[in-house]
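When the count follows my numbering, it moves up by one through the sequence shown with no breaks and lands on 211 for the last residue. First comes the structure, then the notes that go with it.
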Amino acid sequence: MRVGILISGFGSNMIKLLESCEKKSSSASIGLVFSNNPRADGLKYAHSKGIKTVSIDHKDFKERKLFDEKVNKTLLDNNIDFICNAGFMRIHSEDFVNNWFNRHLNIHPSLLPSFKGLDTHKRALDAGVKFAGCTVHLVRAGVDEGPIISQAATSIRSIDNAESLGSKILKLEHKLYPICLQLFAEKLITVSNDKVSYKAEAIKKLEEFKV
Ligand code: GRF
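So this is what it looks like as structure tokens:
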């Protein structure tokens, strides 16, 4: 499975996805790292690892749809057949979402469906929830919508602030996302009518995230 990773910034999740795909046992390989932000740090890192990178600034496009068409073409030109958003800060148009239906993952730093959108850690703390975490899900047209593949959770302590919670959750993201990608590549997770099914081996590999 040839994977394209979409980033906008630092790219720490991207690094973890790259590392997991470098393993001999991986059924996925990274064919492209794409960014809407030409200054994204992750681009430099991917380039230094010999991965093809492309950046196209969304600000050069009048309409979201036109930018998305260009992204779609870039992915197809690079023979990408599966995509992972990793800190990609753009909302996709409906056509783009449909083109990559069930072949497109996102990671979000909250336990969805709670706290969609931005500022998740502060909002979780303000709401007084006692657990927080991250979610890997398939991408659908709404922001942070789509069938949940897996989640990882952590307790919120009284001493936590948005920064400490964010770094605990980022560590969980780094573990969870590569596993989910590999499970898709190995076809151990399948999706039909928005229902996610797990082969026994997938359940076993996700066991460590049970609380
Ligand atoms: C992560 O917290 C991810 O869940 C969110 O944006 C952040 C990106 O971080 N969508 P990085 O660029 O992967 O370091």
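Beta carbons: idealized from backbone N, C-alpha and C, even for Gly.
Tell me the DSSP secondary structure of S167 in three-state form. As a working mapping, residue 167 is identified with position 167 in the sequence shown. The answer is helix: DSSP assigns S167 an H, G or I state.
I want to check one thing, is the minimum distance from the CB of F115 to the heavy atoms of the ligand GRF below 8 Å? Here residue 115 refers to the residue found at position 115 of the sequence shown. Not so, every heavy atom of the ligand GRF lies at least 8 Å from the Cβ.
Is any heavy atom of the ligand GRF found at a distance shorter than 8 Å from the C-beta of S12? On the sequence shown, residue 12 is found 12 positions in, with the first residue counted as 1. Result yes, Cβ under 8 Å from the ligand GRF.
Consider the C-beta atom of C84 and the heavy atoms of the ligand GRF; say whether any pair is separated by less than 8 Å. Position 84 of the sequence shown holds residue 84. Incorrect: C84 has no Cβ contact closer than 8 Å to the ligand GRF.
L172 beta carbon less than 9 Å from that of T154: As a working note, residue 154 is residue 154 in the sequence shown. As a working note, residue 172 is residue 172 in the sequence shown. Going by C-beta atoms, T154 is nearer than 9 Å to L172.
Quick test of your reading: N78 and G31, contact by CB under 8 Å. State the CB separation rounded to the nearest angstrom. Residue numbering aside, residue 78 sits at position 78 when the sequence shown is read from its first letter. Residue numbering aside, residue 31 sits at position 31 when the sequence shown is read from its first letter. Yes, they are in contact, since the Cβ atoms of N78 and G31 sit about 5 Å apart, within 8 Å.
Tell me whether N163 counts as near the ligand GRF, meaning its Cβ is closer than 8 Å to at least one heavy atom of that ligand. Within the sequence shown, the letter at position 163 stands for residue 163. The sequence shown places Glu at residue 163, rather than the Asn named in the question. No - the ligand GRF has no heavy atom lying nearer than 8 Å to the Cβ of E163.
Where do the ends of the alpha helix (DSSP H) carrying N72 lie? By 1-based counting over the sequence shown, the position of residue 72 is 72. Its alpha helix (DSSP H) spans residues 64-77.
Rounded to a whole number of angstroms, what is the C-alpha to C-alpha distance between G11 and K187? Counting from 1 along the sequence shown, the entry for residue 11 is found at position 11. Counting from 1 along the sequence shown, the entry for residue 187 is found at position 187. G11 and K187: Cα-Cα distance of roughly 26 Å.
Under the three-state reduction of DSSP, which class applies to K215: helix, strand or coil? In this structure the chain extends from 1 to 211, so residue 215 is not present and cannot be described.
Is the stretch 122-135 touching the stretch 48-61 in the sense that three or more CB pairs, one from each, lie closer than 8 Å? no
Would you tell me roughly how many angstroms separate the C-alpha atoms of D119 and E201, rounded to the nearest one? Here the question's residue 119 lines up with position 119 in the sequence shown. Here the question's residue 201 lines up with position 201 in the sequence shown. Computed Cα separation, rounded: 35 Å.
Have a look at F101 and I156 and give me their C-alpha separation to the nearest angstrom. Against the sequence shown, residue 101 aligns to sequence position 101. Against the sequence shown, residue 156 aligns to sequence position 156. Distance between the alpha carbons of F101 and I156: 34 Å.
Look at the Cβ atom of A86, then the Cβ atom of L6, and state whether they are nearer than 9 Å. Taking the sequence shown and counting its residues from 1, the one referred to as residue 86 is at position 86. Taking the sequence shown and counting its residues from 1, the one referred to as residue 6 is at position 6. It is a contact, given that the beta carbons lie within the stated cut-off.
Below 8 Å, how does it come out for the stretch 176-185 and the stretch 13-33: are there three or more Cβ pairs, yes or no? yes
Using a threshold of 8 Å, is the CB atom of S37 nearer than that to any non-hydrogen atom of the ligand GRF? As a working mapping, residue 37 is identified with position 37 in the sequence shown. Going by the sequence as given, residue 37 is Asn instead of Ser. No, the Cβ of N37 stays beyond 8 Å of every heavy atom of the ligand GRF.
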